[in-house]
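Each remark here refers to the structure printed beneath this line.
Structure representation (structure tokens):
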């Protein structure tokens with residue numbers, strides 16, 4: 002997993018850190034080690050079987066705030082059925098699906114946008 006953390010302590014200077022490693026290791030370290038309060042936007046595009054566990058971990062680590070957006074790619078192909086089931090049945094998220102195609106192919110796919118309601 003690659004994770005890019007962008008923050009601005011003064012509202013002007015943007016700091017970007019690129020973190021590489023297993024998501025289940027990096028996510029719990031974000032608050033203390035990397036001084037991340039909450040995440041505004043999370044682009045989910047890694048191992049599909051990690052989509053649901055990582056979303057749960059983001060919540061358990063209090064990294065989502067009201068209005069945080071998760072955008073998950075490739076939910077149909079190759080697919081992330083556990084994530085889709087979890088996110089769409091969770092009253093703490095407002096979900097929208099955006100049909101798409103797999104890049105460079107005509108294979109039907111979709112992205113899922115999930116806004117954390119708090």
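Numbering (our numbering), first residue to last: 2 to 119.
Glycine is no exception: its CB is placed at the ideal position from the N, C-alpha and C atoms.
Small disclaimer: the values here were computed from a predicted structure and weren't measured.
Residue nearest to residue 103 within the set 22, 80, 26 is 80 (criterion: CA-CA distance). In the DSSP annotation of this structure, the continuous segment of the beta strand (DSSP E) that includes residue 66 starts and ends at 65 to 73. The secondary-structure analysis by DSSP pairs residue 106 with nothing; it has no beta-bridge partner. For residue 26, the three-state secondary structure derived from DSSP is helix.
A distance below 8 Å between beta-carbons, with the five flanking residues on each side excluded, links residue 58 to the following residues of its chain, in chain order: 24, 25, 28, 29.
Of all alpha-carbon atoms in 94, 21, 31, the one lying nearest the alpha-carbon of residue 62 is that of 31. The beta-bridge partner set that DSSP reports for residue 39 is empty. Per DSSP, reduced to three states, the secondary structure at residue 81 is coil, with no helix or strand assignment. Counting of Cβ neighbours within 10 angstroms places residue 69 among the buried residues, the total reaching 16 or more. Nearest C-alpha to residue 74 among 18, 41, 98, 106: 98.
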